[in-house]
Amino acid sequence: MMLLLGLGVLLAQTVASGPIPASTRQLVLVTTPDWTATSGTLQRYERGAEAGWVPVGDAVAAVVGRSGLGWGRGLHDASGLVGPSKAEGDGRAPAGVFRLSAAFGYDASLPTGLPYVPVPGLQCVDDPVSASYNVVRAPDDDPDWTSHETMRRRDGLYRIGAIVAHNGPGVDRDLLPAAASVDGAAPVSGAGSCIFLPVWNGPRSTTAGCTAMADPALAEILAWLRADAHPVLVQLPAGVRRGLQARWALPE
3 MMLLLGLGVL LAQTVASGPI PASTRQLVLV TTPDWTATSG TLQRYERGAE
53 AGWVPVGDAV AAVVGRSGLG WGRGLHDASG LVGPSKAEGD GRAPAGVFRL
103 SAAFGYDASL PTGLPYVPVP GLQCVDDPVS ASYNVVRAPD DDPDWTSHET
153 MRRRDGLYRI GAIVAHNGPG VDRDLLPAAA SVDGAAPVSG AGSCIFLPVW
203 NGPRSTTAGC TAMADPALAE ILAWLRADAH PVLVQLPAGV RRGLQARWAL
253 PE
């Protein structure tokens, strides 16, 4: 019995030592071949309070930024780690560990356990000088920004998706249900904005910095995610993932 208790304490200490919160029970892992690759695989995982990560479902194909990956701003500390850093307009998807702030879509509701934001009429501000930089929000009659994304895109790629908490929560708190818990450091100007998990434009497409996949795969992920499981997104090149596996308590 004492041995089992000791193993449980050791596991808890290992989990707490990395950037993945001990309270996290769901993990979405995206792995690419290297920093410049524009496609990879996405695998879901779950864990219990004192157990390792267990895969959920099959791995699915995903596409990332047109320039690959670069270290983003999330739960991890990238100082001292080798690799490029993400910046506004660089075409890189963020590497690291990130909370998933909310699900979104065109319809009034969506099957998901995350807070849900209907996005018709909303914008995501990508102007680095704006006080609303990197925030999905309602339009303003006198905006302090000159550049934004319209969330109801004509190509329909944002018809369902999730907001990635890279460089801040990424969403106006007033758009979320009162019970929703969203945290994150304030955005750093120019560090990248409007990062989502949206629908892709095909397996050979790329994005401006999002991680996209086929509609059915994304719908299944959104239906699986639960806010009370404190889910995170982890995105890494394969070699970096191997090097950080033990330190970050990543799935094998």
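In this text, residue positions in the sequence shown follow my numbering: the first is 3, and each later residue adds one.
Where is the CB? At the ideal position from N, CA and C, for every residue including glycine.
Legend entry - C-alpha distance - Pro-21 paired with Ser-149, whole-angstrom precision: 33 Å
Inset, instruction - Would you check if there are 3 or more beta carbon pairs closer than 8 Å linking the stretch 121 to 128 to the stretch 137 to 148? - result: yes
Inset, instruction - Could you have a look at Arg-46 and say whether DSSP puts it in helix, strand or coil? - result: strand
Legend entry - First through last residue of the alpha helix (DSSP H) which encompasses Pro-218: 217 to 226
Legend entry - Every unbroken beta strand (DSSP E) within the stretch 132 to 169, with a cutoff of 3 residues, ordered by chain: 150 to 152 and 162 to 166
Legend entry - Three-state secondary structure assigned by DSSP to Arg-101: strand
Legend entry - C-alpha distance - Trp-226 paired with Leu-83, whole-angstrom precision: 32 Å
Legend entry - 7 Å CB neighbourhood of Ser-111 in its chain, flanking five on each side removed: Tyr-118
Legend entry - Residue span of the beta strand (DSSP E) that contains Leu-238, given as start and end: 234 to 239
Inset, instruction - Could you say if the stretch 43 to 60 and the stretch 187 to 198 meet the contact criterion of at least three C-beta pairs nearer than 8 Å? - result: no
Legend entry - Backbone secondary structure at Val-56 - three-state DSSP: strand
Inset, instruction - Compare the beta carbon distance of Arg-101 and Gly-72 with 8 Å and say whether it is the shorter of the two. - result: no
Inset, instruction - Please work out which residues of its chain come closer than 6 Å, Cβ to Cβ, to Asp-273, disregarding the five sequence neighbours upstream and downstream, and give them in chain order. - result: Because the chain is modelled from 3 through 254, residue 273 falls outside the range shown and cannot be assessed.
Legend entry - Straight-line gap, Pro-205 to Ala-80 (C-alpha atoms, nearest Å): 29 Å
Legend entry - DSSP three-state assignment for Val-2, whether helix, strand or coil: Lying outside 3 to 254, the shown extent of the chain, residue 2 is not represented and no answer is given.
Legend entry - 6 Å CB neighbourhood of Ala-2 in its chain, flanking five on each side removed: Coverage of the chain is limited to positions 3 through 254, which leaves residue 2 absent and any answer about it impossible.
Inset, instruction - State the beta-bridge partners of Thr-209 as determined by DSSP. - result: Gly-67
Inset, instruction - Look at the alpha carbon of Pro-253 and the alpha carbon of Gln-247, and state the distance between them as a whole number of angstroms. - result: 7 Å
Inset, instruction - Counting only the same chain and skipping the five closest in sequence on each side, list residues whose C-beta sits under 8 Å from that of Pro-23. - result: Leu-77, His-232 and Val-234
Legend entry - Gln-125, enclosing beta strand (DSSP E) - first and last residue: 125 to 127
Legend entry - Assigned exposure category for Val-99 - 16 Cβ within 10 Å defines buried: buried
Legend entry - Cα-Cα separation between Pro-57 and Arg-154, rounded to whole angstroms: 33 Å
Inset, instruction - Give the DSSP-derived three-state secondary structure of Ile-22 in the structure shown. - result: coil
Legend entry - Distance between Pro-171 and Val-184 (C-alpha atoms, nearest Å): 7 Å
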